[in-house]
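First up is the structure itself, then whatever we jot down about it.
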Amino acid sequence: MAETAAQPLPRLLPATGMTVLFEPHEPHLDIVFIHGFTGHPERTWTSKKANAGRYGDSPAAGESSEPPSKYRRLNPFPASRHERGVYWPRDLVPITVPYARIFTYGYNTHIGYPGGPPMLSNTVSGIAQDFLVALESERRTESTRPLLFVAHSLGGIIVKKMLLLSRDCHQAHFGRILESTAGIIFFGTPHAGADPRGFRHHIAERLANVVGVSANEQIVQALLPSSEILKDLRDRFGPMAQGHNWIIHSFQEEVGIGLLSGQKVVHDTSSCLNIAAETVEHIGRDHMEMCRFPGLDDVEYKKVAAALRRIATTAPRQSTEGKTLILDESQKRTLLESLRFDQIDARQLTIKRAHIKTCTWLLQKSEYLDWLDPTKLGEHHGFLWIKGKPGAGKSTLMKFAVASARRKMKETTIISFFFNARGDELEKSTTGMYRSLLLQLLERYPALQDVFDTLGLVSWNGACLKWTVESLKALFEQAVLGLGKSPLACFIDALDECDEYQIRDMLSFFEHVGEMAVQAEIRFQVLFSSRYYPHISIAKGLEFALERQEEHVKDIIDYLDSELNIGHSKHAETIRHDLREKAAGVFMWVVLVVEILNKEYDGGRIHALQKRLRDIPRDLHELFREILTRDQHNKGELLLCIQWVLFARQPLKPEELYFAVLSGIEPGALFEWDPEEITEITVKKFILNSSKGLAEITKSKPPTVQFIHESVRDFLLKGDGLKGIWPEFKDFRGESHERLKQCCLAQINAKAITSLNLTNPLPKATSQEAVELRRSAARKFPFLEYTVRNVLFHADVAAGSGINQNEFLRDFQLPVWIDFDNLFEKHNIRRHTSNASLLYILAEHNIGNLITSYPSNLTYFEVGEERYGPPFFAAVATNSDEAVRALLMAQLGIQLPASLLHRTLESYCEDKDKWIKLGRDFIFHPRRGILSYIVEQGDEIL
819 MAETAAQPLP
829 RLLPATGMTV
839 LFEPHEPHLD
849 IVFIHGFTGH
859 PERTWTSKKA
869 NAGRYGDSPA
879 AGESSEPPSK
889 YRRLNPFPAS
899 RHERGVYWPR
909 DLVPITVPYA
919 RIFTYGYNTH
929 IGYPGGPPML
939 SNTVSGIAQD
949 FLVALESERR
959 TESTRPLLFV
969 AHSLGGIIVK
979 KMLLLSRDCH
989 QAHFGRILES
999 TAGIIFFGTP
1009 HAGADPRGFR
1019 HHIAERLANV
1029 VGVSANEQIV
1039 QALLPSSEIL
1049 KDLRDRFGPM
1059 AQGHNWIIHS
1069 FQEEVGIGLL
1079 SGQKVVHDTS
1089 SCLNIAAETV
1099 EHIGRDHMEM
1109 CRFPGLDDVE
1119 YKKVAAALRR
1129 IATTAPRQST
1139 EGKTLILDES
1149 QKRTLLESLR
1159 FDQIDARQLT
1169 IKRAHIKTCT
1179 WLLQKSEYLD
1189 WLDPTKLGEH
1199 HGFLWIKGKP
1209 GAGKSTLMKF
1219 AVASARRKMK
1229 ETTIISFFFN
1239 ARGDELEKST
1249 TGMYRSLLLQ
1259 LLERYPALQD
1269 VFDTLGLVSW
1279 NGACLKWTVE
1289 SLKALFEQAV
1299 LGLGKSPLAC
1309 FIDALDECDE
1319 YQIRDMLSFF
1329 EHVGEMAVQA
1339 EIRFQVLFSS
1349 RYYPHISIAK
1359 GLEFALERQE
1369 EHVKDIIDYL
1379 DSELNIGHSK
1389 HAETIRHDLR
1399 EKAAGVFMWV
1409 VLVVEILNKE
1419 YDGGRIHALQ
1429 KRLRDIPRDL
1439 HELFREILTR
1449 DQHNKGELLL
1459 CIQWVLFARQ
1469 PLKPEELYFA
1479 VLSGIEPGAL
1489 FEWDPEEITE
1499 ITVKKFILNS
1509 SKGLAEITKS
1519 KPPTVQFIHE
1529 SVRDFLLKGD
1539 GLKGIWPEFK
1549 DFRGESHERL
1559 KQCCLAQINA
1569 KAITSLNLTN
1579 PLPKATSQEA
1589 VELRRSAARK
1599 FPFLEYTVRN
1609 VLFHADVAAG
1619 SGINQNEFLR
1629 DFQLPVWIDF
1639 DNLFEKHNIR
1649 RHTSNASLLY
1659 ILAEHNIGNL
1669 ITSYPSNLTY
1679 FEVGEERYGP
1689 PFFAAVATNS
1699 DEAVRALLMA
1709 QLGIQLPASL
1719 LHRTLESYCE
1729 DKDKWIKLGR
1739 DFIFHPRRGI
1749 LSYIVEQGDE
1759 IL
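Now the structure itself:
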């Protein structure tokens, strides 16, 4: 279940025949896509304007030494991460019409070239007959399910001819295709004729005499305006369509083709049927682009979506019960547990409880009471949004609100999620949020776990699955709508700590669910909190600003009375008043300043308190600067601690950070960890002092280290905080990664590591002996696994910042690294042989910058003994895009700039859609050789 609605396919779809793209649990409609002249069942419908990033990917997703399980190719469980743009029949239509089974059909009408495959001499009738037979075969078990055809250009002619064949056929099973048809959507179909060869043939004809270009002239002649075939279809199809009450929607191209002097390929007079049942509408693109859409929000796709829904909602629904896997209780429990992830409650647990007497005002706040009032759901649709400055205390208030709701709202199910930008990927993404909310809701109401049946699995062997945002949203919506009279309240904190576009999508979805819940008379309420930026509007809802509330100011007063231990003299009360005014409602600032003033008071410097308060900056970021620069004690330790918390590949456990800092400031002390000597309390004190109180240990299991507040990271990275404190750095990020790389090397090369006494060969990765070895290594050297997994990563980022890595590559102890990497690897198939090349390792781990620096990167097709064969295949199979580009660019560098090969390779590097496709489950067989795989993939460039 990857992070997007789209499921990238492992390779191009078959060019001919029927292919199922999507199949829901209970399909009520079949939608069939058919391309046009020289088209393709995937490329015709694919927009290259897709967003590049997808979420929720995991290096191990779908990877196994066994053949992949045969679950459906649909949104919940994608098998690979190849990016081709948006293939809307698969990526968008399942969202628009979720109960439709989706097919695509391909056929051959291509232009022929010398040396290419022989050109087929198919006719329109021949293609239509093949289409009818293939479609009937696919639908034989549910032959009466309603049908909707979506056709581009010549595809519309094929559909019309096929339906006429179905009508005129005396075999009942073929006749059911006609009787089941509910409607047709035509894109630029030349009902009255056109030159189907378009601008391609206008160019090709100039070359025909030279290189022998030819085309399927039977198809070409059939589509010219003078064609008798078209005339016959026009005369027979219109009455048939009206007689069956089909809904016909014809889209016409609005833009001409430049190479045709701006003319349209199919003119408006030709691209409509002129019958009463037809709706005609323009698409603001040319003939080729009119059936390609980059997303759900595309203005042209919205026209198509409306047409799809119109036809789909009029089609009678057919029950298909029993055609998909009905999950048993054990399988549902497995799916339920797969929603859980490490650190799922980390942020909420780490937030300190509200100080006594504070936050209680929220329960009497008018907006909060209106939010709870079921009679006002129609006004605000159950949404309340608390906004405030960074550090104002929003998360503390939210934690109080959750605890209070659980105590007092006994009849309401309370679920919550606290975003955490300092945490792992799932802690700061809507994927993690949906997983957490679903887990809480389905654990509270086990009967709702039946929603898992709607995933539409044909079969499932219980293997680990990855969730997509769209599948999670669908499950959440069904679960909410299944609540009946049981109220549900969601508390979602720190929306600003998630990517903006994810939050926009989430808010749009919640508004949709809120509207559905109001219509179904279900009490569904959501309380959000965030900073003011980014500003996102919702149509209905309540909101208020935290620091502008008088009661919030009163909370600060109560906190000062309790925690500022400077007595209650007239002078002390003046300081309290001045501190409150200077805070401007930012609770985090108050907490930090109280600690500073208490320290001054405890040191007997009562007379200096007023001046100290005046010297403390009013701005929270400036206060962070003062904390970090107020003394020079252990400045190197502070710097390295900040670098690790900022730039570690994932949040470090406390003991990992302890030895990570130690590896940089005192590498000679990297002995085995003795928890009795270096206790948890010792580690906690070390982190507190090293970070000057700006880092904390989370209360999650397992605990990790993060900054005390997201505003600390903002100060260091988004402002000029780093530059102001450490001006000697020219590129703080790059130089920091270089430092972290050196720390990793210090741990890997520490003499004490030899005490692990690794055997050669290592025991099988899945054996109990291997498990015990990994535990022993982690117990003795907590920082070792991180260093092995990430030393190359840090070197790569440093190289990307221009820091030379030649010496590192020359001296890198590859055999030692392989031994340790194999030790920590839990799957045998992912282990490396002792003869693995460094280039192969770099390619497999997507270390593109180091590949560029590698002295022999032109050996990327050299076959070794590894799972994927040559380094290039390792990069492709693991979706290591940067590594693929680096290897290709190395080849590009030795070609003359003016050469055809140089230009071809340059284009190949830039267009990922052209790359060979393998997938993580690929295993190289040396007997076959490299060339056979390349030929099989049809990769002409390679």
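Residue numbers for the sequence shown follow my numbering, so the first one is 819 and each next one is one higher.
Where is the CB? At the ideal position from N, CA and C, for every residue including glycine.
Identify every residue that forms a DSSP beta bridge with GLY1205. The residue given as residue 1205 occupies position 387 in the sequence shown. Note that residue 1205 corresponds to Lys in the displayed sequence, not to Gly. BP columns for LYS1205 point to SER1348 and ALA1363.
Mind pulling the alpha helix (DSSP H) runs of 4 or more residues that sit fully within the stretch 1363-1389? 1368-1381
Proximal residues to GLY1539 (C-beta, below 7 Å), its chain only, five neighbours per side dropped: In the sequence shown, counting from the first residue as 1, residue 1539 sits at position 721. Once the five neighbours on either side are set aside, the close Cβ partners of GLY1539 are HIS1439, PHE1442, ARG1443 and PHE1533.
SER1655: first and last residue of the uninterrupted alpha helix (DSSP H) it sits in: Locating residue 1655 in the sequence shown gives position 837, counting from the first residue. First-last for SER1655: undefined, no H or E at that position.
Below 8 Å on the Cβ atoms is my guess for ALA1130 versus VAL915; work out the distance and round it to an integer in Å. By one-based count along the sequence shown, residue 1130 stands at place 312. By one-based count along the sequence shown, residue 915 stands at place 97. Going by Cβ atoms, the distance from ALA1130 to VAL915 rounds to 5 Å, so yes, they are a contact pair.
Below 6 Å CB to CB, which residues in the same chain sit around THR1097 once its five sequence neighbours on both sides are set aside? On the sequence shown, position 279 is the one that residue 1097 refers to. Within the same chain, THR1097 has close Cβ partners HIS1067.
Throw me the rounded Cβ distance for the VAL1523 and VAL1463 pair, which I believe falls under 8 Å. If you number the sequence shown from 1, residue 1523 lands on position 705. If you number the sequence shown from 1, residue 1463 lands on position 645. That pair is a contact at about 6 Å.
Report yes if the CB atom of SER1655 is closer than 8 Å to the CB atom of PRO1633, and no otherwise. Here residue 1655 refers to the residue found at position 837 of the sequence shown. Here residue 1633 refers to the residue found at position 815 of the sequence shown. Going by C-beta atoms, SER1655 is not nearer than 8 Å to PRO1633.
How about PHE851 and THR922: are their beta carbons less than 8 Å apart? Position 33 of the sequence shown holds residue 851. Position 104 of the sequence shown holds residue 922. Against a cut-off of 8 Å, the Cβ pair of THR922 and PHE851 comes out as a contact.
Quick one: measure Cβ to Cβ for ILE1065 and ASP1104, integer angstroms, because I've assumed they're closer than 8 Å. Here the question's residue 1065 lines up with position 247 in the sequence shown. Here the question's residue 1104 lines up with position 286 in the sequence shown. ILE1065 to ASP1104, Cβ: 26 Å. No contact.
Considering just the uninterrupted stretch of the beta strand (DSSP E) at SER1068, what are its terminal residues? Position 250 of the sequence shown holds residue 1068. Start and end: 1065-1071.
Coil, strand or helix - PHE1294 by DSSP: For the purposes of this step, residue 1294 is taken as the residue at position 476 of the sequence shown. Note: PHE1294 maps to helix in three-state DSSP.
Just to confirm, are PHE1237 and LEU1313 a CB contact at a threshold of 8 Å? Within the sequence shown, residue 1237 is the residue found at index 419, counting from 1. Within the sequence shown, residue 1313 is the residue found at index 495, counting from 1. Yes. Within cutoff.
If GLN1060 sits next to ALA1094, beta carbons under 8 Å apart, how far is it from one beta carbon to the other, in whole angstroms? Along the sequence shown, one-based indexing puts residue 1060 at 242. Along the sequence shown, one-based indexing puts residue 1094 at 276. Contact between GLN1060 and ALA1094 is confirmed by a C-beta separation of about 6 Å, below the 8 Å threshold.
Coil, strand or helix - ILE995 by DSSP: Here residue 995 refers to the residue found at position 177 of the sequence shown. Helix at ILE995.
Exposure label - HIS1395; buried when at least 16 CB within 10 Å: Residue mapping note: residue 1395 aligns to position 577 of the sequence shown, counting from 1. Exposed, because fewer than 16 other Cβ atoms sit within 10 Å of the Cβ of HIS1395.
In whole angstroms, what separates the C-alpha of TRP1635 from that of LEU1574? Start at 1 with the first residue of the sequence shown, and residue 1635 comes out as number 817. Start at 1 with the first residue of the sequence shown, and residue 1574 comes out as number 756. Taking the straight line from one Cα to the other gives about 14 Å.
Buried versus exposed, by CB contacts within 10 Å (16 or more), ASN1578: In the sequence shown, counting from the first residue as 1, residue 1578 sits at position 760. So ASN1578 ends up on the exposed side.
Hey, SER1347 and ILE1543 are a contact pair by Cβ (cut 8 Å); roughly how many whole angstroms apart? Working through the sequence shown from its first residue, we reach residue 1347 at position 529. Working through the sequence shown from its first residue, we reach residue 1543 at position 725. Contact flag wrong, Cβ pair sits at about 30 Å.
What are the uninterrupted segments assigned as alpha helix (DSSP H) that are 4 or more residues long and contained completely in the stretch 1437-1510, given in chain order? 1438-1447, 1453-1465, 1472-1483 and 1498-1508
Measuring straight from C-alpha to C-alpha, what distance separates ILE1839 and ALA1570? Missing from the structure shown is residue 1839; the chain here goes from 819 to 1760 and no further.
HIS1100 - DSSP class collapsed to helix/strand/coil: On the sequence shown, position 282 is the one that residue 1100 refers to. Strand at HIS1100.
Could you check where the beta strand (DSSP E) with ALA835 kicks off and where it finishes? Working through the sequence shown from its first residue, we reach residue 835 at position 17. Residue identity differs from the one stated: residue 835 is Gly in this sequence, not Ala. Residues 835-840.
Own chain partners of TYR1186 with C-beta closer than 7 Å, once the 5 adjacent residues on each side are dropped: One-based indexing of the sequence shown puts residue 1186 at position 368. Excluding the 5 residues flanking it on each side, TYR1186 has same chain C-beta neighbours closer than 7 Å at LEU1180 and LEU1202, in chain order.
Evaluate the contact criterion for the stretch 998-1006 versus the stretch 966-973: three or more CB pairs, one atom per stretch, below 8 Å. Two segments are said to touch when three or more pairs of C-beta atoms, one from each, lie closer than 8 Å; by this definition the stretch 998-1006 touches the stretch 966-973.
Pairwise C-alpha distance: ILE1621 and ASN1640: On the sequence shown, residue 1640 is found 822 positions in, with the first residue counted as 1. On the sequence shown, residue 1621 is found 803 positions in, with the first residue counted as 1. Cα-Cα distance, rounded: 29 Å.
Less than 8 Å between the C-beta atoms of TYR1762 and PRO842, yes or no? Only positions 819 to 1760 of the chain appear in the structure, and residue 1762 is not among them; the question remains open.
Excluding five sequence neighbours on each side, which residues of the same chain lie with their C-beta closer than 6 Å to the C-beta of ILE1310? Along the sequence shown, read from residue 1 onward, the residue named residue 1310 stands at position 492. Correct list, in chain order: PHE1235 and PHE1346.
Taking the straight line between their C-alpha atoms, what separation do you get for ASN1624 and PHE1630? Reading the sequence shown from its first residue, position 806 is the one you call residue 1624. Reading the sequence shown from its first residue, position 812 is the one you call residue 1630. Pairing ASN1624 with PHE1630, the inter-Cα distance amounts to about 10 Å.
If the criterion is Cβ atoms closer than 8 Å, does the pair THR1248 and CYS1316 meet it? What you label residue 1248 is simply residue 430 of the sequence shown in a count that begins at 1. What you label residue 1316 is simply residue 498 of the sequence shown in a count that begins at 1. Cβ distance < 8 Å, so THR1248 and CYS1316 count as in contact.
VAL1331 by DSSP, collapsed to three states: which one? Start at 1 with the first residue of the sequence shown, and residue 1331 comes out as number 513. VAL1331: helix per DSSP, three-state reduction.
Only counting the same chain, and skipping five residues up and downstream in sequence, which positions put a Cβ closer than 8 Å to that of ARG1024? As a first step, residue 1024 is located in the sequence shown; it is residue number 206 there, counting from the start. Its pLDDT being 38, under 50, ARG1024 is placed unreliably in this model, and the value from its coordinates should be taken loosely. The answer is none, since no qualifying residue turns up.
Own chain partners of ASN1416 with C-beta closer than 6 Å, once the 5 adjacent residues on each side are dropped: Here residue 1416 refers to the residue found at position 598 of the sequence shown. Correct list, in chain order: ASN1383.
Looking at the structure shown, is ASP1086 part of a helix, part of a strand, or coil, going by DSSP? By 1-based counting over the sequence shown, the position of residue 1086 is 268. Reduced to three states, the DSSP call for ASP1086 is coil.
Neighbour-count burial assignment, ARG919, 16 or more Cβ in a 10 Å radius: Sequence index remark: in the sequence shown, residue 919 carries index 101 (1-based). Answer is buried; the Cβ neighbour count reaches 16.
Note down, in chain order, each residue of its chain lying with its Cβ closer than 6 Å to the Cβ of LEU1126, except the 5 sequence neighbours on either side. Counted from its first residue, the sequence shown places residue 1126 at position 308. Taken in chain order, the residues that qualify are THR914 and VAL915.
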